Structures are given as structure tokens and as C-alpha cells.
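**Student:** Residues 490 to 1207 in the working numbering are what the sequence shown spells out, letter by letter. Quick reminder that beta carbons are idealized off the backbone N, C-alpha and C, glycines included. Computed from a predicted model, the values in this text were never measured in an experiment. First the structure, which I've put down as C-alpha cells, then a few questions once you've had a look.
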Amino acid sequence: MDVTSIIDSLNPAQREAVSSADPYQLVLAGAGSGKTRVLVHRIAWLMQVEGLSPYQILAVTFTNKAAREMRERISDLIGFAPQGMWVGTFHGLAHRLLKMHWRDAGLPEGFQILDAEDQLRVIKRVYAALNMDAEKWPPRQAQWYINEQKDEGLRAAHIQQSPDPFTVAMLQIYHAYEEACQRGGLVDFGELLLRAHELWLNKPELLAHYQDRFQHILVDEFQDTNSIQYAWLRVLAGNKLGMTAVGDDDQSIYGWRGAKIENIQNYTHDFEAVTTVRLEQNYRSTATILKAANGVISQNANRLGKTLWTDGQDGELLSLYAGFNEQDEARFIGERIQDWIAKGNMRSDVAILYRSNAQSRILEEALLRLQIPYRIYGGHRFYERLEIKNALAYLRLLMNRHDDAAFERVINTPTRGIGDKTVQRLRDTARAHQQSLWAAAETEVENLPARASNAVRGFLAMVSELAEDYQSLTLDGLTDQVLEASGLLEFYRREKGERGQTRVENLEELINACRAYEAPDPDSPALPQFIDEAVLDAGERQAESDEDAVQLMTLHSAKGLEFPLVFMAGMEENLFPHKMSLEESGRLEEERRLCYVGITRAMEKLYLTYAETRRLYGQESFNRVSRFIRDIPSEVLQEVRLSANVSRPTSFVKKPATLSDEGSGSGFALGQQVKHKIFGEGVILSFEGNGPNGRVQVNFVNEGTKWMVLQYAKLQAL
Ligand code: ATP
Ligand code: MG
490 MDVTSIIDSL
500 NPAQREAVSS
510 ADPYQLVLAG
520 AGSGKTRVLV
530 HRIAWLMQVE
540 GLSPYQILAV
550 TFTNKAAREM
560 RERISDLIGF
570 APQGMWVGTF
580 HGLAHRLLKM
590 HWRDAGLPEG
600 FQILDAEDQL
610 RVIKRVYAAL
620 NMDAEKWPPR
630 QAQWYINEQK
640 DEGLRAAHIQ
650 QSPDPFTVAM
660 LQIYHAYEEA
670 CQRGGLVDFG
680 ELLLRAHELW
690 LNKPELLAHY
700 QDRFQHILVD
710 EFQDTNSIQY
720 AWLRVLAGNK
730 LGMTAVGDDD
740 QSIYGWRGAK
750 IENIQNYTHD
760 FEAVTTVRLE
770 QNYRSTATIL
780 KAANGVISQN
790 ANRLGKTLWT
800 DGQDGELLSL
810 YAGFNEQDEA
820 RFIGERIQDW
830 IAKGNMRSDV
840 AILYRSNAQS
850 RILEEALLRL
860 QIPYRIYGGH
870 RFYERLEIKN
880 ALAYLRLLMN
890 RHDDAAFERV
900 INTPTRGIGD
910 KTVQRLRDTA
920 RAHQQSLWAA
930 AETEVENLPA
940 RASNAVRGFL
950 AMVSELAEDY
960 QSLTLDGLTD
970 QVLEASGLLE
980 FYRREKGERG
990 QTRVENLEEL
1000 INACRAYEAP
1010 DPDSPALPQF
1020 IDEAVLDAGE
1030 RQAESDEDAV
1040 QLMTLHSAKG
1050 LEFPLVFMAG
1060 MEENLFPHKM
1070 SLEESGRLEE
1080 ERRLCYVGIT
1090 RAMEKLYLTY
1100 AETRRLYGQE
1110 SFNRVSRFIR
1120 DIPSEVLQEV
1130 RLSANVSRPT
1140 SFVKKPATLS
1150 DEGSGSGFAL
1160 GQQVKHKIFG
1170 EGVILSFEGN
1180 GPNGRVQVNF
1190 VNEGTKWMVL
1200 QYAKLQAL
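Rendered as C-alpha cells:
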């Protein structure tokens, strides 16, 4: 592929960015304007025109999935796979560095990554050791505190002691937590970044090596970098490497996790002569969708200010649907997707976006009922599921007997008669002798009461035996063996019902994943590589499977992606904007940016849905329609009525009664008591449509809520 074909398919502003000879660039532009496309083409340009080797390029993406996509797009453009190029997330790249330079980083060779849940467990252990009051200072609060400090690049030793009791307690915990992690070779997500940064500061010769190696850094989604990530980039770039950063201040949505929108300005100040390029043409969405997006984001006060336009078509209006409840909302979405598929479209071109993970279950159920394959990003990701984490903990223990987090997780899972008391005793011994729980168990086993002693001895023997097989078996063979010998598989087989079955299926899926696993480094053992990837990349893998499937994800994880058909579900006050954000204008602006991100994922058609009543977290709530809906210019929004009639919205706050023109002529009324031959007595909740295909929703005393076609339901008035 030659030079022209790299810039052929770009507009003038994009070309300028791709082919610039300036060392530092900032591309600041709205959604769908081709920022990511510019990055990909710039990498191709640097290699084909400037003569850089893949080896000299470092690219930072926001997710592992985006990193894989970037590699593919570059291969397509240049005609071969860019071997040796570093492309990954900040965490992934930091992990890679620490793996290679563990000694310089002050870590043991087989250090383990702690995910959020493991981290909390370690913090709870620290609480016990310190006799800290968990009522007064909830461990989650300490977790939040520690992560916040790390995102700012602060270790416990850097933080000034203060007389305020909160800081005193938090600092004490942070100190003890750091010690516990260091002792166990445990590294949480924030620590990965912190250590990678310290590596640059403490080992100048190593920094010099990488500054010689890399020539250019490229960063996507720059608006969501936090302080430590920016510091890491800044030190690496020094005044030696070139840098291209692309971002959109209107899409900064991780402020709550320490992201600093100010890094955009910092970049232009900290580096000399940064050229700023603005892209204004949107290639993704219809003019109608853009109008809605602009309407929403223009309500925010603190913006750098950009205009987006498209020369594309107006396209369809946005549709707004008010579900009677969350079930009805999910059913509506499912049926629209059915229509879409029936027209010959791909399922993978559809995304359902929501604010909170907890919303996914009802949506999943609706899709299952309609037999529409779907896939979930984030949330209950595969590798975050309980049974999978338990299985991985066994594998971790085989690699490193002194992995305390893994030990604690499985010592009594499945239950083998090792109670809390015994575990506490092991913890005390471990603490007293500054040793791992495993080592403590080995010494303490003789002193335990007979039953506990036997159980612990059995556990130690089982793990040791499995560890002997570790070198000789294949990854899937080993995992299979572990699941059987540990009793984990049997344990979940005995768990009754749907849930137990799903867990068993997931464990089987884990063996499949092991079988299909290709280790990046084929010359070293696969297991440690597999485990590290599983933790880092939590669940993004499942979305790679080949089956054509609808995509479900939170609004946060939709960043950077695009889909022809998009649903934004749960457009209700308290849910979105989230109730936690309502008191702070800064947080509210972030929610609005999140809404802008959601809307701008849609290419052709966007549905916005909400439920008039919703059961979430076990509570019934009646929420008003989201304020963001009001920010959308009314000429681009149409309300979909239950009967599928279409009308302009008059009022967004509808009471169920306004729907009651439906079902007229059915002989029944809303709220009427009825009887069904099989389901028994119930109350009419709502109607949908009229005539022979009109449907009725009945809440039966014994059977719960059901939708039925009136004609066939043969309801009897009571
Ligand atoms: P986001 O802010 O959501 O991350 P983005 O600015 O990174 O968006 P891209 O994903 O790079 O935008 O591009 C959006 C869509 O527009 C993609 O499908 C891309 O291929 C297409 N596109 C971008 N530039 C052009 C162009 N010059 N000609 C044709 N299509 C383009
Ligand atoms: Mg992008």
C-alpha cells in the first residue's frame, strides 16, 4: 500500500493530522469525527512514509478490545501484521513493563494482579490485623481512598499526616495494605500504573532504553487519562519522542475514577509547540441523531466548544418509548430487535446501552425469551463470575502457594469443614510469623482440632498433588483436573436450579477457553500468561466469539464504539442521571457527557426507552423521564405508543391511564378483576393495541404478570 492510499480516504483536516511533521499533536474533536481513524492512519503513515518500524511505536487505547481492533485496522492498511508494536491499555502496557523488569520494579517474578474484589479482601484482612472499626470506616471507603491516592501517584509515605481522624485511619490502612501487598507479591490496578511510573523515575537507564526504542506515542481517548497515566506518558516522552493525542472533552466520563480532563490543557502547556487539529465533520451518525446529541451536550457550561456537522442524510427520527414497567420496556426492545433481524440485518449491529449493570438482567431475560443471541460487555463478565474466580484461584495457588488472596478464596470452597475460626487462626499465625497463609497452614495443621486438622491436611495435600501435574499437563487438561479434584465442579453440579447449571456451564466454558488459548509467549508456561490475561482483560474475550449477537453494555463501556441501531434503556431520573450525581453540578455534567456518548454511538437509528415503574435492587420506584430527553429538540423525537401508533410527545410524564384508550372495545377496563381458566384470578394492568390482535397484561395472583392476546385469553370478568 502506498502513501496516497493512506491519506486518500481522509478529509483535509484528517490528512493534516496524519501527515504532520510536527512532533506534538493534539486532535480535539467531537464524536464520530474520525479521531481513532486518524490514529490508525497516522501509525501507517509513520511506518510507510517516515520509515518507523512497528517496534518504534507505542499506542495506548482505552480497552483491550480497542487495542485488538487497532492492530487489525493497521494490518489492513499496510498489508501485514505490525509485529513488535506496543498497543494496549495503560494497565496492559504497565503490566508488560513490570513483567519484563520485575526486579527493577521491586516485585517478585510471579507477582499477581489483584482485581477490585481481591483488593477488598486484602483490605479486610488489613482491618482485622489492625483491629480497625469497619462500621466507622467501611472497607470500601478505604479501597476508594487508596485507589484515589494511587491515581494521583501518591504512596502512603507521600501523604501528609493530618489531625483529622479520617485521614489518620485511612493512612494507617494504606500503610498496612502496602506492606501486605508487598509481602504477598500482589499488585492492584492502580499499583500497576504507579510502579510503571516509578520505574521511569528510579531507573534512568531503563527509561533511556525505552526512549531510544520508541519514536512516537499515540494516545486515544486522551480526555480520560488520570494523573498517573499522564505523568507516565510525560516522563517517557521527555523531549525525545513524538506524541499524537486524540480526544474529546465532551466525552470525558471517568472523572469519578480520577480522570483529569485538564490533561488536555496540560499537554499543550507541558510540551513545546503542540499543534492542535480540530475535526468537525461527523461520519458516523445521521443529521437527526447529531442534532439530538448537540442538543443534549449544549446544556453543559464547561466546554471547550466544538461544532459537529454531517453531510449525510437526515435519517429516521429518534423514538421514545414509555414502558409500563421494566419488563415491558425490555419486551419492547426485544421486539424491535426481532423486527430488525427479520429485515435481514445483523444482530451485532445492535447495541443496548444502560447506565447500571443491574439493568441488564431483565433485558437479558427478554432476549432469551425471544431467542435472540446476545453478549454482554463488562458487568458480570465471564472472568469476574464467582465460579470462574474460584477456579482461577485454584490455578493461581498451583503457581504460587503463597498467594494469600487465592488461598483465602478456596480454602473452604467448596465447603470442606474448614470454618472461619480455623481460617482466623491461620491468619493470626501468618501475621505473627510474617509468613503466607499456606506456610501458616503447614505449621499449624498439627495443632488444630482433629476435624479441622484433617480437613486442612487434605486441602494441602490436594493442592500439592495438583501442583505436581502443573508442568506436565496442557492448560485445559490441568484446569479440568483442578475442577474435578478440588470438588468445585461437583459442588456447583449439586447447586440446584438454573443458577447451578449456569455455573457448571461457565466452568465448562473455562476449559474451552483454556483449550483455545494461544499464549503470547509460546516458550514459557501458558498458565501464568493465561491467568494474567484473564484478570486484565476480564471478559472482553467472550465478545470475540463468532456467533452473531446483540451487544449489551453500560454506557461507559460503549465509548469509542459505533452501531447502526442503538437502544438507550432506562432514561429515567435517578437512574440516568444517576441519583448520586444529582447534588453536584460537576457530576451532573459528567452524566450529560455520558448521555452524549450514548447518543453518538448510533449511526442510523436510536431508541430511547424508560419505564414508568421500575423494580431495581429489589425496590419499586416511580421515576420521571430523564431530563436529558427534554434537552433533545422535539422535532427530532417521536413518541412510540404502545399500540405502535406514532405521535409527537405532548407530555413526557405519562400516567398509565393515558394509555387506556387501548383495549377499548375489549369489554374490559384497566384495573378490572378477571379470571383465566388456567392462571386463575388477576387484575388487568394494561392493554396494547385494539382488535383481534390486541393484547392484555394481567397480574395473576398466583402466576405473576403475563401478556396475552385478548382473543385467545378468554378472560372472564369478575
Ligand atoms: P469517538 O469520539 O466516538 O471515539 P472518533 O472520532 O474516534 O469517534 P472514528 O471512530 O474514528 O471517530 O470514526 C467514526 C466513523 O466515521 C468510523 O466508521 C470511520 O470509519 C468513519 N470515518 C471517519 N473519517 C472518515 C472519512 N474521512 N471518510 C469516511 N469515513 C470516515
Ligand atoms: Mg474513537
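Tell me the rounded alpha-carbon separation between VAL763 and VAL507.
**Tutor:** Within the sequence shown, numbered from 1, the residue matching residue 763 stands at position 274. Within the sequence shown, numbered from 1, the residue matching residue 507 stands at position 18. Taking the straight line from one Cα to the other gives about 14 Å.
**Student:** Any idea which residues DSSP pairs TRP1196 with across the strands?
**Tutor:** Position 707 of the sequence shown, counting from 1, holds the residue named residue 1196. Looking at the DSSP assignment, TRP1196 forms a beta bridge with GLN1186.
**Student:** Ligand 1 and HIS1070: does any heavy atom of the ligand fall closer than 7 Å to the residue's C-beta?
**Tutor:** Translated into positions along the sequence shown, residue 1070 becomes position 581. The residue asked about is misnamed: residue 1070 is Ser in this sequence, not His. No, ligand 1 has no heavy atom inside 7 Å of this Cβ.
**Student:** Grab the span of the beta strand (DSSP E) containing ASP838 for me, first residue to last.
**Tutor:** Here the question's residue 838 lines up with position 349 in the sequence shown. Neither: ASP838 is in no beta strand (DSSP E) and is coded neither H nor E.
**Student:** Run through DSSP, which three-state label would PRO1053 get?
**Tutor:** The count along the sequence shown starts at 1 and reaches residue 1053 at position 564. In this structure, PRO1053 counts as strand in the three-state DSSP scheme.
**Student:** May I have a chain-ordered list of the beta strand (DSSP E) segments no shorter than 3 residues that lie completely inside the segment 590–615?
**Tutor:** Fully enclosed beta strand (DSSP E) runs of 3 or longer: 601–603.
**Student:** Using alpha carbons as the reference points, say which of SER1155, VAL516, TYR1096 lies closest to LYS795.
**Tutor:** Along the sequence shown, one-based indexing puts residue 795 at 306. Ranking the options by Cα distance to LYS795, first place goes to VAL516.
**Student:** Just how far apart, CA to CA, sit VAL1055 and TRP798?
**Tutor:** Here residue 1055 is taken as the residue at index 566 of the sequence shown, counted from 1. Here residue 798 is taken as the residue at index 309 of the sequence shown, counted from 1. Approximately 20 Å between the Cα atoms of the pair.
**Student:** Cutting at 7 Å between CB atoms, please list the residues of its own chain near ARG885, excluding the five before and the five after it.
**Tutor:** Counting from 1 along the sequence shown, the entry for residue 885 is found at position 396. Around ARG885: GLN601, ASP892, ALA895, ILE1020.
**Student:** In or out: LEU996 buried (at least 16 other Cβ within 10 Å) or exposed?
**Tutor:** The residue you call residue 996 lines up with position 507 of the sequence shown. LEU996 should be labelled buried.
**Student:** What's the gap between the Cα of ALA748 and the Cα of HIS590?
**Tutor:** The count along the sequence shown starts at 1 and reaches residue 748 at position 259. The count along the sequence shown starts at 1 and reaches residue 590 at position 101. ALA748 and HIS590: Cα-Cα distance of roughly 27 Å.
**Student:** Report yes or no: do the segment 960–980 and the segment 1003–1011 share at least 3 C-beta pairs separated by less than 8 Å?
**Tutor:** The answer is yes - the segment 1003–1011 touches the segment 960–980, with three or more Cβ pairs under 8 Å.
**Student:** Are ILE851 and GLN816 close, meaning C-beta to C-beta below 8 Å?
**Tutor:** To locate residue 851, count along the sequence shown from 1; it is residue 362. To locate residue 816, count along the sequence shown from 1; it is residue 327. Contact flag set, yes.
**Student:** Looking at the strands, I want to know which residues DSSP matches up with ASN814.
**Tutor:** Here the question's residue 814 lines up with position 325 in the sequence shown. According to DSSP, which records beta bridges pairwise, ASN814 is partnered with THR1102.
**Student:** Are there 16 or more other CB atoms within 10 angstroms of the CB of ASN1191, so buried, or fewer, so exposed?
**Tutor:** By one-based count along the sequence shown, residue 1191 stands at place 702. Classification of ASN1191: exposed, given that the 10 Å Cβ count is below 16.
**Student:** Just list the alpha helix (DSSP H) runs in the segment 500–577, keeping only unbroken ones of 4 residues or longer that don't cross its boundaries, in chain order.
**Tutor:** Qualifying alpha helix (DSSP H) stretches, in chain order: 501–508, 524–537, 553–567.
**Student:** Is there contact between the segment 621–628 and the segment 688–705, where contact requires at least three CB pairs shorter than 8 Å?
**Tutor:** With the cut-off at 8 Å, the segment 621–628 and the segment 688–705 do not touch.
**Student:** Under 8 Å between the Cβ atoms of VAL971 and ARG982?
**Tutor:** Locating residue 971 in the sequence shown gives position 482, where the first residue counts as 1. Locating residue 982 in the sequence shown gives position 493, where the first residue counts as 1. Their beta carbons are not under 8 Å apart, which means VAL971 does not touch ARG982 by this criterion.
**Student:** May I ask you to report which of helix, strand or coil DSSP gives GLN630?
**Tutor:** Along the sequence shown, one-based indexing puts residue 630 at 141. Residue state, collapsed to three classes: helix.
**Student:** Does at least one heavy atom of ligand 2 sit under 7 Å from the Cβ of ASP709?
**Tutor:** Sequence index remark: in the sequence shown, residue 709 carries index 220 (1-based). Checking the Cβ of ASP709 against ligand 2 gives yes.
**Student:** Mapping the DSSP letters down to three states, classify MET1042 as helix, strand or coil.
**Tutor:** Along the sequence shown, one-based indexing puts residue 1042 at 553. Residue state, collapsed to three classes: strand.
**Student:** Mind checking whether the beta-carbon of ALA520 lies closer than 7 Å to any heavy atom of ligand 4?
**Tutor:** No copy of ligand 4 appears in this structure; the ligands present are ligand 1 and ligand 2.
**Student:** So what does DSSP say about LEU962, is it helix, strand or coil?
**Tutor:** In the sequence shown, residue 962 corresponds to position 473, counting from 1. The answer is coil: DSSP assigns LEU962 none of H, G, I, E or B.
**Student:** Three or more C-beta pairs closer than 8 Å, one from the segment 1042–1051 and one from the segment 909–924: is that the case here?
**Tutor:** Result no; under three Cβ-Cβ pairs closer than 8 Å.
**Student:** Please report how far the alpha carbon of ALA464 lies from the alpha carbon of ARG1081, in whole angstroms.
**Tutor:** With the chain represented from 490 up to 1207, any question about residue 464 goes unanswered, as that position is not in the structure.
**Student:** If you follow the alpha helix (DSSP H) that HIS664 is part of, which residue opens it and which one closes it?
**Tutor:** As a position in the sequence shown, residue 664 is number 175, starting the count at 1. Per DSSP, HIS664 belongs to the alpha helix (DSSP H) from 654–673.
**Student:** Let's see if you can read the secondary structure: which residues bound the alpha helix (DSSP H) around ALA930?
**Tutor:** Here residue 930 is taken as the residue at index 441 of the sequence shown, counted from 1. Run containing ALA930: 926–933, per the alpha helix (DSSP H) assignment.
**Student:** Grouping DSSP H, G and I as helix and E and B as strand, with all else coil, what is LYS749?
**Tutor:** Walking along the sequence shown from the start, residue 749 turns up at place 260. Three-state result, LYS749: coil.
**Student:** Would you please state the rounded distance, in angstroms, between the beta carbons of LEU1126 and LEU806? I believe it to be under 8 Å.
**Tutor:** The residue you call residue 1126 lines up with position 637 of the sequence shown. The residue you call residue 806 lines up with position 317 of the sequence shown. Between LEU806 and LEU1126 the Cβ distance is about 6 Å, and since that is below 8 Å, they are a contact.
**Student:** Am I right that ASN889 and GLY599 are in contact with their C-beta atoms under 8 Å? What's the rounded C-beta distance?
**Tutor:** Along the sequence shown, one-based indexing puts residue 889 at 400. Along the sequence shown, one-based indexing puts residue 599 at 110. 5 Å between Cβ atoms; contact.
**Student:** Can you round the beta-carbon distance between THR1043 and TYR743 to whole angstroms, since I take them to be within the 8 Å contact cut?
**Tutor:** Here residue 1043 corresponds to residue number 554 of the sequence shown, with the count starting at 1. Here residue 743 corresponds to residue number 254 of the sequence shown, with the count starting at 1. Contact flag wrong, Cβ pair sits at about 12 Å.
**Student:** With H, G and I counted as helix, E and B as strand and the rest as coil, what does DSSP make of MET1092?
**Tutor:** Counting from 1 along the sequence shown, the entry for residue 1092 is found at position 603. MET1092: strand per DSSP, three-state reduction.
**Student:** Output the boundary residues of the beta strand (DSSP E) element that contains ALA1158.
**Tutor:** The residue labelled residue 1158 in the question sits at position 669 within the sequence shown. That residue, ALA1158, is in no beta strand (DSSP E); it is neither H nor E in DSSP.
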